[in-house]
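Participant: Before I ask anything, let me first share the structure, which is written out below as structure tokens.
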Amino acid sequence: MVGRHGDALKVKVAAPPEQGRANDACVALVAQIAGVKPAAVELVSGASSRSKRFKVTGLEPDELGAALDRALEDAPLGGSTGGNTRPDTNRSVPRR
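Start counting the sequence shown at 1306; every next residue gets the next number (our numbering).
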């Protein structure tokens, strides 16, 4: 996770935006941050866009907000994800 981008979160994934791989990586990242299984995260819009919206089931909105805040606090400074990333795989993940 890189940080906030307006009312969204900016994330980087190493997966290429081909055949849904970057979308799957974003789903996995959101699930990890939220502490839920990937099946509880649904990409509801933006499948072919850099801006995406996800629905997370099994958590109250304030629980998800707290999980996102914790992840932002733990994010490395400078936006490094510790892995290989490509500039075209940045994704904005709206908070709600």
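Beta carbons: idealized from backbone N, C-alpha and C, even for Gly.
1) Given this structure, state the Cα-to-Cα distance separating Ser1354 from Glu1368, to the nearest angstrom.
2) When DSSP labels each residue in this structure, what does Val1316 get in the three-state scheme?
3) If you draw a straight line from the C-alpha of Gly1384 to the C-alpha of Val1307, how long is it?
4) Would you report the Cα separation of Phe1359 and Pro1321, rounded to the nearest angstrom?
5) Is it true that the CB of Lys1342 sits closer than 9 Å to the CB of Leu1348?
6) What do you reckon, is the C-beta of Val1307 under 8 Å from a heavy atom of the ligand FAD?
7) Nearest by alpha-carbon distance to Ala1376: which of Ala1345, Ala1336, Gly1311 is it?
8) Can you tell me the Cα-Cα spacing of Asn1395 and Lys1317, whole angstroms?
Facilitator: Let me spell this out:
1) Here residue 1354 refers to the residue found at position 49 of the sequence shown. Here residue 1368 refers to the residue found at position 63 of the sequence shown. Cα to Cα, Ser1354 sits roughly 27 Å from Glu1368.
2) Taking the first residue of the sequence shown as 1, we reach residue 1316 at position 11. If DSSP states are grouped into helix, strand and coil, Val1316 belongs with the strands.
3) Sequence index remark: in the sequence shown, residue 1384 carries index 79 (1-based). Sequence index remark: in the sequence shown, residue 1307 carries index 2 (1-based). Confidence at Gly1384 is low in this model, with a pLDDT of 46, below 50, so its placement is unreliable and no value can be given for it.
4) What you label residue 1359 is simply residue 54 of the sequence shown in a count that begins at 1. What you label residue 1321 is simply residue 16 of the sequence shown in a count that begins at 1. Computed Cα separation, rounded: 19 Å.
5) By 1-based counting over the sequence shown, the position of residue 1348 is 43. By 1-based counting over the sequence shown, the position of residue 1342 is 37. Contact: no.
6) In terms of ligand content, the structure shown is empty, and the ligand FAD therefore cannot be addressed.
7) Walking along the sequence shown from the start, residue 1376 turns up at place 71. Nearest neighbour of Ala1376 by Cα position, chosen from Ala1345, Ala1336, Gly1311, turns out to be Ala1336.
8) Position 90 of the sequence shown holds residue 1395. Position 12 of the sequence shown holds residue 1317. Caution applies to Asn1395, whose pLDDT of 45 falls short of 50 and renders its modelled position unreliable; the model cannot decide the point.
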